[in-house]
Amino acid sequence: TINFATFVYWRGEIAPEFADALGERAGAGVEVNVLLDAMGAAKMEKPLVEKLRDAGAKVEWFRPPHWYSIHKSNNRTHRKILVVDGQVGFTGGVGIAEEWTGDCETPDNWRDTHLRIEGPVVRDLVGGFQENWSEATRCILTDGHLGDIEAFENGAAAQILRSSAGKGSTNAEELFYAAISCARRNLWLTTAYFAPRRAFVLALIDAVKRGVDVRILVNGPHIDKEVVRQAGRSSYDGLLEGGVKILEYQRTMLHAKTMVVDGYWATVGSINFDNRSFSLNDELNLSVWDEPLARKLQDHFKLDLEGAREVTLDEWRSRPAAQVVKERSSALLRREL
Numbered sequence: 457t458i459n460f461a462t463f464v465y466w467r468g469e470i471a472p473e474f475a476d477a478l479g480e481r482a483g484a485g486v487e488v489n490v491l492l493d494a495m496g497a498a499k500m501e502k503p504l505v506e507k508l509r510d511a512g513a514k515v516e517w518f519r520p521p522h523w524y525s526i527h528k529s530n531n532r533t534h535r536k537i538l539v540v541d542g543q544v545g546f547t548g549g550v551g552i553a554e555e556w557t558g559d560c561e562t563p564d565n566w567r568d569t570h571l572r573i574e575g576p577v578v579r580d581l582v583g584g585f586q587e588n589w590s591e592a593t594r595c596i597l598t599d600g601h602l603g604d605i606e607a608f609e610n611g612a613a614a615q616i617l618r619s620s621a622g623k624g625s626t627n628a629e630e631l632f633y634a635a636i637s638c639a640r641r642n643l644w645l646t647t648a649y650f651a652p653r654r655a656f657v658l659a660l661i662d663a664v665k666r667g668v669d670v671r672i673l674v675n676g677p678h679i680d681k682e683v684v685r686q687a688g689r690s691s692y693d694g695l696l697e698g699g700v701k702i703l704e705y706q707r708t709m710l711h712a713k714t715m716v717v718d719g720y721w722a723t724v725g726s727i728n729f730d731n732r733s734f735s736l737n738d739e740l741n742l743s744v745w746d747e748p749l750a751r752k753l754q755d756h757f758k759l760d761l762e763g764a765r766e767v768t769l770d771e772w773r774s775r776p777a778a779q780v781v782k783e784r785s786s787a788l789l790r791r792e793l
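In this text, residue positions in the sequence shown follow this note's numbering: the first is 457, and each later residue adds one.
Structure below.
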């Protein structure tokens, strides 16, 4: 079996190549289920969808526009999930588009992080797929999608967190708030979209007061949604004054979503540090208690810093008035970003 869900499925050479791979497996008798967000994957060429269906794959759209579901039109599934035979899973920030076919060597090749997962936690990854698949199809996946998996003797403690829009705080919001509150030595955050609400700004500053080394790596000039960048920048003054280190990535679009706390806990997935991830979208992250993985992600963070520029408080407070206007006007849209 192959269960695949994505927010982004755009155009370019990789789009038909990936569809061909899925179609080939479907034609060989493998059950292939493909779930596409109706908004995020709207750029996907429709002949590819038909080609997949003709090969025997089931392709469904998540929350396509209908008058009777218009109240959910702003709530998308941003999850990236691939599970093969219920045994091996993948999740992170990667979508299907040319932007993910390089290694950030040019501004056209984005920087991202994705994980390959094995072990019992893959069952929970299937659960994340099932949640959205059942809404789109009114069907439940059978036990054949859950592999007969036993824990590794030398495996890491891991947890899949699923989050969806709802009243009050969401799982995504609680995960990040708890991680910030529990940090004791260091907290290194990488996020594509950074537009924190005030409660998170205060939590990050409180962490610094406890002696935590708080570093936030965000997008620089290559971001694909400038309004989000400006909205996030409206919080820089308080964060910088509070001792939080802010670094803007200069090489290309930064699309990774990772956080490492105290060198032994890490989370990777689809959750950005903004209201859309915390309150509006369906999201999914893998959290792991594992020093080797945490160290590897910290090493990635250090490498990324070589292509980043740190923002200083003195520099920030001397920025032009026109920049301040951009930030404040963009911040008015924070609830939707």
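Note that CB positions come from ideal geometry on N, CA and C, so glycine has one too.
Check whether residue i and residue j have beta carbons under 9 Å apart
{"i": "G549", "j": "K713", "result": "yes"}
{"i": "W517", "j": "A592", "result": "yes"}
{"i": "C638", "j": "V717", "result": "yes"}
{"i": "T462", "j": "G483", "result": "no"}
{"i": "G545", "j": "E574", "result": "yes"}
{"i": "E469", "j": "E555", "result": "no"}
{"i": "F585", "j": "L597", "result": "yes"}
{"i": "I661", "j": "G688", "result": "no"}
{"i": "E587", "j": "D738", "result": "yes"}
{"i": "V519", "j": "A494", "result": "The sequence shown places Arg at residue 519, rather than the Val named in the question. The answer is yes: Cβ separation under 9 Å."}
{"i": "L643", "j": "V668", "result": "yes"}
{"i": "T547", "j": "L742", "result": "yes"}
{"i": "V670", "j": "S691", "result": "no"}
{"i": "T708", "j": "R618", "result": "no"}
{"i": "Y524", "j": "L492", "result": "no"}
Inter-residue spacing [alpha-carbon to alpha-carbon] between residue i and residue j
{"i": "H796", "j": "P652", "result": "With the chain represented from 457 up to 793, any question about residue 796 goes unanswered, as that position is not in the structure."}
{"i": "Y633", "j": "A511", "result": "45 Å"}
{"i": "D760", "j": "V724", "result": "16 Å"}
{"i": "R791", "j": "E747", "result": "35 Å"}
{"i": "R765", "j": "E771", "result": "12 Å"}
{"i": "N531", "j": "K758", "result": "34 Å"}
{"i": "P776", "j": "L736", "result": "33 Å"}
{"i": "L645", "j": "G485", "result": "42 Å"}
{"i": "E697", "j": "E630", "result": "25 Å"}
{"i": "A787", "j": "E561", "result": "32 Å"}
{"i": "N728", "j": "L740", "result": "11 Å"}
{"i": "A628", "j": "V664", "result": "22 Å"}
{"i": "S620", "j": "S733", "result": "9 Å"}
{"i": "R509", "j": "A498", "result": "17 Å"}
{"i": "V683", "j": "K782", "result": "8 Å"}
{"i": "N731", "j": "T533", "result": "14 Å"}
{"i": "D604", "j": "E480", "result": "25 Å"}
{"i": "V700", "j": "R641", "result": "13 Å"}
{"i": "S726", "j": "E501", "result": "24 Å"}
{"i": "G624", "j": "E609", "result": "39 Å"}
{"i": "V767", "j": "A778", "result": "18 Å"}
Option nearest residue i by Cα separation, candidates the options
{"i": "R784", "options": "W517, H522, Q615, R685", "result": "R685"}
{"i": "D755", "options": "T569, E473, K528", "result": "T569"}
{"i": "L710", "options": "Y649, A621, F518, L643", "result": "Y649"}
{"i": "T457", "options": "V540, R535, A497", "result": "V540"}
{"i": "G611", "options": "G622, K623, V577", "result": "V577"}
{"i": "W721", "options": "W556, R535, V700, W745", "result": "W745"}
{"i": "K514", "options": "N489, R640, R732", "result": "N489"}
{"i": "D408", "options": "G719, Q706, L789", "result": "As displayed, the chain neither begins before 457 nor continues past 793, which places residue 408 out of reach and without an answer."}
{"i": "G542", "options": "F460, R641, V674, A778", "result": "F460"}
{"i": "V503", "options": "D476, V464, P521", "result": "Val is not the amino acid found at residue 503; the sequence shown has Pro there. Taking only the C-alpha atoms, the option nearest P503 is D476."}
{"i": "I636", "options": "A621, T626, G622, A655", "result": "A655"}
{"i": "D580", "options": "I616, E473, K752", "result": "I616"}
{"i": "M715", "options": "E762, L703, A659, T647", "result": "T647"}
{"i": "G763", "options": "G676, R640, H522, F608", "result": "G676"}
{"i": "G622", "options": "R572, K528, S590, E473", "result": "K528"}
{"i": "A614", "options": "L571, I702, A659", "result": "L571"}
{"i": "L703", "options": "N731, S726, I672", "result": "I672"}
{"i": "A750", "options": "Q779, G719, S726, V767", "result": "G719"}
{"i": "F474", "options": "R594, E606, L538, G624", "result": "L538"}
Residue span of the beta strand (DSSP E) that contains residue i, given as start and end
{"i": "K701", "result": "701 to 705"}
{"i": "A613", "result": "613 to 619"}
{"i": "N627", "result": "Per DSSP, N627 belongs to no beta strand (DSSP E); it is in the alpha helix (DSSP H), 627 to 638."}
{"i": "D544", "result": "Per the sequence shown, the amino acid found at residue 544 is Val instead of Asp. From DSSP, the beta strand (DSSP E) with V544 extends over 544 to 548."}
{"i": "L571", "result": "570 to 574"}
{"i": "H552", "result": "Reading the sequence as shown, one finds Ile at residue 552 and not His. I552 -> no beta strand (DSSP E), and no H or E assigned at all."}
{"i": "L538", "result": "537 to 540"}
Within-9 Å CB hit, residue i to chain B
{"i": "E506", "result": "Protein chains in the displayed structure number just one, and chain B is not present."}
Element boundaries [alpha helix (DSSP H), containing residue i]
{"i": "E591", "result": "577 to 593"}
Uninterrupted alpha helix (DSSP H) stretches inside the stretch 457 to 527 (no shorter than 4 residues) | 470 to 483, 502 to 511
Please specify which runs of the beta strand (DSSP E), each continuous and at least 3 residues long, are wholly inside the stretch 737 to 785, giving them in chain order.
-> 739 to 745, 764 to 767
Run through the stretch 647 to 723 for me and flag every whole alpha helix (DSSP H) of 4 or more residues, listed as ranges in chain order.
-> Whole alpha helix (DSSP H) segments, 4+ residues: 654 to 665, 682 to 689, 692 to 697.
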